[in-house]
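Only one structure is covered here, and it is reproduced in the block below.
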Amino acid sequence: MEDLLYVDGGNPLSGEITVRGAKNFVSKAMVAALLGESPSVLRNVPEIRDVQVVTSLLELHGVRVDRDVEAGTVRIDPADVESALVADIDTLAGSSRIPILLCGPLLHRLGEAFIPDLGGCRIGDRPINYHLDILRQFGAVVDKRVNGIHILAPNGLTGTKVALPYPSVGATEQLLLTAVRAEGKTELSNAAIEPEIMDLINVLQKMGAIISVDTDRVIRIEGVDRLVGFAHTALADRIEAASWASAALATGGDIFVRGATQPEMTTFLNTFRKVGGEFVVEDEGIRFYHPGGDLHSIQLETDVHPGFMTDWQQPLVVALTQARGLSIVHETVYENRFGFVDALVGMGATIQVYKECLGSRPCRFGQRNFYHSAVISGPTTLTAAAIEVPDLRGGFSHLIAALTAKGTSSVRGISLIDRGYERFTEKLTALGASFGREAPRR
Ligand code: EPU
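Reminder that position 111 of the sequence shown reads as 164 in the numbering used here, one-by-one numbering, no gaps.
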């Protein structure tokens with residue numbers, strides 16, 4: 054089937070959809086299960102491709118994974134974990150960045166690990182230097198070869214003191230997954246403290262780990278000899294929830310996002326309100342809607358938690374094309390996350406990108422050659438276009454733009470969106486969107 058959708062825009066999205074567990078937590082919790090001596094059970098698991106990729110990776114390593122897609126449960130039994138063939142791991146190269154997080158658990162279980170060339174979204178260089186430095190500090194030997202990176206720890210891993218140059222989510226997870234079974238104490242300063250990391254800490258604590266989180270981004274871990282399996286319900290996907298919220302705002306709609314939770318979304322909710330959107334927090338989820346009238350322009354900076362997430366930025370920018378005045382968005386997490394605006398400009402949006410830091414404070418990308426600030430002038434009427442999906446979040450933003458635009462857009466490469474948005478075409482149908490696989494007859 055062609056990887057293409059024809060989307061009729063210009064109608065408000067209204068209705069109810071459900072979000073399940075967070076993509077950026079579920080994949081890590083599945084990796085954590087490798088550390089247990091007994092099976093683990095994860096609930097609220099969404100049907101997205103990243104979960105399939107981690108499942109395949111674990112299975113390649115001899116782990117038994119039983120998945121009930123409808124119920125959203127995954128049972129992981131790591132009893133027979135073994136080294137995978139490099140050629141087999143390579144077949145998954147390019148589809149996810151998760152393989153790097155298997156290193157700590159595999160080093161503890163087998164004394165060796167292999168990382169193929171890593172995938173993930175094309176939103177910047179996305180280096181893994183912090184990860185490799187951390188593994189070396191624990192005593193692992195990192196051997197870079199043509200087909201990937203071999204990592205060895207024949208004599209085990211020892212706790213260490215690490216200071217991250219930047220509060221990287223992945224590097225913090227790397228450290229946690231490695232330190233819990235390392236010998237002795239580990240201290241991490243400048244740690245990332247995203248809610249998905251806190252939930253990973255919940256999982257590790259259930260497994261028997263000793264981890265404390267201090268207020269100043271310092272995490273301390275006391276290594277233990279053994280960990281057991283866990284049973285856990287994943288926290289909700291706050292990126293997906295915010296994406297649908299932005300879709301409601303951009304299309305002038307009204308969406309109840311069942312499963313969305315307030316504490317993890319406080320910063321998004323403040324911004325949503327400043328732009329002119331309204332929301333009602335209920336026990337079962339959050340209703341996001343456009344109350345009518347003008348939307349307002351804003352100045353926004355993406356940041357690590359508790360700041361405004363980089364993954365919330367792209368969907369919201371589409372809504373900002375409908376706001377009156379000049380909005381300024383300064384992206385400080387990734388150096389290259391505005392590639393998706395070209396398509397919006399092609400649809401009639403007025404967006405200019407800049408290399409300068411246009412926010413209230415300079416970031417580490419200033420004085421370098423990265424277009425990491427954007428000025429959006431609105432409101433502009435978007436018109437349908439032929440669009441190519443660039444990456445996961447940029448792709449969803451294009452979809453929102455197509456739903457906002459007048460006419461029928463063709464959106465090519467929609468399978469990229471399946472990586473992180475569960476059954477999104479079913480959800481679009483539930484919200485009254487008009488789209489199809491066939492070109493409309495004129
Ligand atoms: N960085 C380095 N060296 C490293 C690791 C990171 O320089 O070794 C830099 C990155 O280049 C980036 C910054 O540090 O500029 C932050 O990257 P981070 O490590 O925090 O990101 P990540 O762990 O690779 C996760 C999510 C991303 C999300 C970021 C930030 C997963 C699988 N991915 O990536 O999610 O944007 O944290 O919150 O958890 C997405 O879901 O679409 C997505 C891209």
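We treat Cβ as the ideally placed atom computed from N, Cα and C, and that holds for glycine.
Predicted, not measured: the structure shown is a model, and the values here were computed from it.
Here DSSP, grouped into helix, strand and coil, assigns R120 to strand. Straight through space, the alpha carbons of L288 and Y407 are spaced by roughly 36 angstroms.
When A206, L159, L353 are compared, the shortest CA-CA separation from S413 is found for L353.
Assignment of beta-bridge partners to G223 by DSSP yields no partner. Under the 8 angstroms Cβ criterion, the segment 111 to 123 does not count as touching the segment 179 to 186, having fewer than three qualifying pairs. Around E337, the same chain offers R311 as residues with beta carbons nearer than 7 angstroms, after the five sequence neighbours per side are excluded. Note on K81: 16 or more other CB atoms within 10 angstroms of its CB, so buried under the neighbour-count rule. As DSSP reads the structure, H383 sits in a beta bridge with E354, S426. A check of alpha carbon separations from E135 across R117, Q258, T461 identifies R117 as the nearest. The segment 73 to 90 makes contact with the segment 284 to 299: 3 or more CB pairs, one atom from each, lie closer than 8 angstroms. Burial is judged here by how many other beta carbons sit within 10 angstroms of a residue's own beta carbon; Q405 has fewer than 16 and is exposed. By the Cβ criterion, the segment 222 to 236 is in contact with the segment 153 to 164, since at least three pairs of Cβ atoms, one from each stretch, lie closer than 8 angstroms. Relative to the ligand EPU, even the nearest heavy atom lies 7 angstroms or more away from the CB of M251. Counting along the chain, L95 sits inside the beta strand (DSSP E) bounded by residues 93 to 96. Looking at the DSSP output, G62 sits in a beta bridge with G460. Collapsing the DSSP output to three states places Q405 in a strand. Here the distance from the Cβ of H425 to the nearest heavy atom of the ligand EPU is not below 7 angstroms. The beta carbon of R472 sits closer than 7 angstroms to those of I101, R102, D103, L445, all from its chain and outside the five residues before and after it, given in chain order. Taking the CA atoms as reference points, L456 sits about 18 angstroms from W365. Residues E236 of the same chain have their beta carbon placed closer than 7 angstroms to that of G209, with the five preceding and five following residues left out of the count. T374 has its CB no nearer than 7 angstroms to any heavy atom of the ligand EPU.
By DSSP's assignment, D130 forms a beta bridge with R117. By a beta-carbon distance limit of 8 angstroms, V256 contacts A85. Their separation comes to about 5 angstroms. Relative to the ligand EPU, even the nearest heavy atom lies 7 angstroms or more away from the CB of A287.
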